[in-house]
Structures are given as C-alpha cells and as structure tokens.
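Asks:
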Amino acid sequence: RRWAERLAHQYVKARHPDTGLGAYQYSKPRRRRRPPDRLTHGGHTTSRYGDRAENQFAAEFGDVAREGWVLWGERVRRIYAHNALVQLALADRLGEHAERLLRWTTDGIAALLEHAYDPATNSFRPMWADGTDLTGYVITNYGYYNRTGEDLPLEPLDAGALFLAACARAFRLSGEKRFWKAVRNMARGNGLGDPGGLSDGTPSLNLDTDRAEPQTIFAVLEMHRARPRPDYLRLARVLAANLIEQRLRDGFFLPDEDLVHAHFDVVEPLALLAVEATVRGRPEAVPEYVAGRGHIHGKFDGLGRTYDRDAIWSRTRER
Numbered sequence: 047r048r049w050a051e052r053l054a055h056q057y058v059k060a061r062h063p064d065t066g067l068g069a070y071q072y073s074k075p076r077r078r079r080r081p082p083d084r085l086t087h088g089g090h091t092t093s094r095y096g097d098r099a100e101n102q103f104a105a106e107f108g109d110v111a112r113e114g115w116v117l118w119g120e121r122v123r124r125i126y127a128h129n130a131l132v133q134l135a136l137a138d139r140l141g142e143h144a145e146r147l148l149r150w151t152t153d154g155i156a157a158l159l160e161h162a163y164d165p166a167t168n169s170f171r172p173m174w175a176d177g178t179d180l181t182g183y184v185i186t187n188y189g190y191y192n193r194t195g196e197d198l199p200l201e202p203l204d205a206g207a208l209f210l211a212a213c214a215r216a217f218r219l220s221g222e223k224r225f226w227k228a229v230r231n232m233a234r235g236n237g238l239g240d241p242g243g244l245s246d247g248t249p250s251l252n253l254d255t256d257r258a259e260p261q262t263i264f265a266v267l268e269m270h271r272a273r274p275r276p277d278y279l280r281l282a283r284v285l286a287a288n289l290i291e292q293r294l295r296d297g298f299f300l301p302d303e304d305l306v307h308a309h310f311d312v313v314e315p316l317a318l319l320a321v322e323a324t325v326r327g328r329p330e331a332v333p334e335y336v337a338g339r340g341h342i343h344g345k346f347d348g349l350g351r352t353y354d355r356d357a358i359w360s361r362t363r364e365r
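Each residue of the sequence shown is one higher than the one before, counting from 47 in our numbering.
1) What does Pro82 pair with, by DSSP beta-bridge criteria?
2) Alpha carbon to alpha carbon, how far is Asp304 from Asn187?
3) State the DSSP-derived secondary structure class of Tyr335, mapped to helix, strand or coil.
4) Beta-carbon separation of Ala144 and Glu51 under 9 angstroms?
5) So Tyr57 is in the alpha helix (DSSP H); what residue range does that whole segment cover?
6) Tell me which residue opens and which closes the beta strand (DSSP E) that Tyr278 is part of.
7) Rounded to the nearest angstrom, what separates Val312 and Val132 at their Cα positions?
8) Put Trp359 into one of helix, strand or coil per three-state DSSP.
9) Hey, would you say the C-beta of Arg121 is under 8 angstroms away from at least one heavy atom of the ligand ADP?
10) Could I get the ranges of all uninterrupted beta strand (DSSP E) runs contained in the segment 148 to 202, with 3 residues as the minimum, in chain order?
11) Report the residue ranges of all beta strand (DSSP E) runs contained in full by the segment 233 to 257; include only those spanning at least 3 residues, in chain order.
12) Given a cut-off of 9 angstroms on the beta-carbon distance, is the pair Thr262 and Gly189 in contact?
13) Which class does Thr91 belong to by DSSP, given the choice of helix, strand or coil?
14) Let me know if Trp115 comes out buried or exposed under the rule of 16 or more other beta-carbons within 10 Å of its beta-carbon.
15) Residues in the same chain with beta-carbon distance under 7 angstroms from Lys223, minus the five sequence neighbours each way, listed in chain order, please.
16) Determine whether the beta carbon atoms of Leu318 and Arg280 lie at a separation below 9 angstroms.
17) Measuring CB atoms only, is the segment 100 to 111 touching the segment 122 to 140, in the sense that at least three cross pairs come out at less than 8 angstroms?
18) In the DSSP assignment, what are the bridge partners of His343?
19) For the 8 angstroms Cβ check, are there 3 or more pairs between the segment 200 to 214 and the segment 150 to 164?
20) Spell out a yes or no on whether the segment 199 to 211 and the segment 160 to 179 are touching, meaning 3 or more CB-CB pairs, one atom from each, closer than 8 angstroms.
21) Could you tell me which residues DSSP puts in a beta bridge with Val116?
22) Measure the alpha-carbon distance for Arg48 versus Tyr57 and round it to whole angstroms.
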C-alpha cells in the first residue's frame, strides 16, 4: 500500500499547480543529445533529445510545453479513465487505509470535469495542463506529436464508457454530487438515456439502444453499484444481448466480421458474467473490471517496431 501511494503521489506532485490537471508522466526526460534543427523521422523524436513536447511546442507555448502536461487524445483516457478506475478500485478495497489515494483520484477527475468537459458535446477539449484550450489548433510541424509531417488538427475526445464508469465509481466512493451530475451528462451523451437525479431518482433510460461494447456494460453496472435501480439492470441486460448479437461470431467475440484474428484476452465474456452475477445478487463472484489492457510492442514479421494491435488484431480479410 505504501509503495502504491508513493508512486501515485509522484503523478499528483507533477500536476499543474494552478489547475490540478495532469500529469501523464512525472519526470522530464534529460537531454543527452541536441535534437537536429529539422526533424525528419521517428529516430529524431526519441527521449535522448529531451522532452519531446518542449522540442516541438516550446517556441509557441513556453514552459507549459512538457510531455507530462499534454492533455489530448489517448493521454486523457489513460490518466482519467484507465488509471482512475484502477486507483479507485484500490481505494475501495483498502477502505480507510487509502483515503489519500481516493482524494487524489477524485480531485483529478474533478479538475478534468471543471476545465475540459463540455456536456453539450459530451467531449473533452484538447488542452495543456494549465488550461490552455487547444480546440481547433493544428500541429503543422513534424515531431513526436505529428509523425506524418502533414497538418494535424487536435480534436475533442469523446467522453466514452470508461469515463462514465470512472465518474460513477468516484461518486460511489466519495458521495460528491458533481460526479453524479457528470454521470447523467455522459450517460445521455452515450445514448443511454437519463439515469435520474439524486432527489427524484427516476431514471429515463434508453432500453432501445443498439450499443454493444463491453465497457458500456461495466459502466452501467458501476452506476447500479452506486445507486441500485432495477432499470439499470434492465439496461445492462439489453446491452448484453446486443453484445452477443453483434459481436459473437462462430464462437468468438469480434468487433468486426471482417477481422481475421480473435483477440485472446477480450473482455466481452467478463462483461456477460458480470451482468449475470449482478442479476443473481452476487457481483463479487466475478473479477472486478479495472480497464486493464495488455499489448505486445516490438519488432514483428518484417514490419519493424510495431504493436500487436496493428500487426495482428486489426488484420482483415480481403474481399
């Protein structure tokens, strides 16, 4: 527990002092070599040249241009969905022994909701951790954050099911109303209907949804754990039926029928088991989902350094 807190606290200390946003990483790469005046390929963007955000953006944005303070794209999901769900699960399991971990995590989610979340579009604005809004900003120079050399606009990030699950869990463990407000906005934004307010508690859910992602099931089950309602379980069962209808192909779960390979650690079976266990009143009978995801990164089959998702799991049949 102590070492988990010490590690988590490194990221807390690296948050921006004014907004409390960040941090994707808590250290700043030390420059071992001076970067070329003109970057031309991936080898010119390695960390031996120092902080890659600083190299690419400091001339325009100054000191805030640090790798740890980049808040757009997958980095936002890593901090406030994946990592938040893990840390909240630890806080739940450790109880009073993890009060600081709970507070750090909920403070981080609250900062994101305050500075980056747009309920009207159910998305997070791309920004630096000081709150600088980068909506509409176009990266025009080649570098670590633009490997194509072509103009790359920064887009808002959808507040998908993992963010919904994180906010529901944050509400369950903290009791803070602002997180349930976010749950309502995100549920509506994901086409699930309205989970209902804290005072009247009357849900108006979309039981006709055609969504079929396991992460959405886990989010709805997390809502049910926070505020047990029969309607939430009905929605979870609709989502489970959608999952089977749309993704189960020849005994394997595949998000697309044209995919060649079935991933060996998909979470669809766990989502279905979680629904069944909750319906039976025994949610503890299945392992808790904490948004973990493994991958293989390295050289593969003449493709050079790549990821298994690109080289294996995304392969499609030729038609």
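Even for Gly, the Cβ is constructed at its ideal location relative to N, Cα and C.
Replies: So, to answer that:
1) BP columns for Pro82 are empty, so no partner.
2) 36 angstroms
3) Of the three classes helix, strand and coil, the one that applies to Tyr335 here is coil, per DSSP.
4) yes
5) 48 to 59
6) Unbroken run through Tyr278 is the alpha helix (DSSP H), 276 to 293; no beta strand (DSSP E).
7) 18 angstroms
8) helix
9) In the structure on display, the ligand ADP does not appear, and there are no ligands present to speak of.
10) none
11) none
12) In this structure, the beta-carbon distance from Thr262 to Gly189 does not fall below 9 angstroms.
13) helix
14) The residue is buried, with at least 16 neighbouring Cβ atoms inside 10 Å.
15) Leu244
16) no
17) no
18) Tyr353
19) yes
20) yes
21) Trp174
22) 15 angstroms
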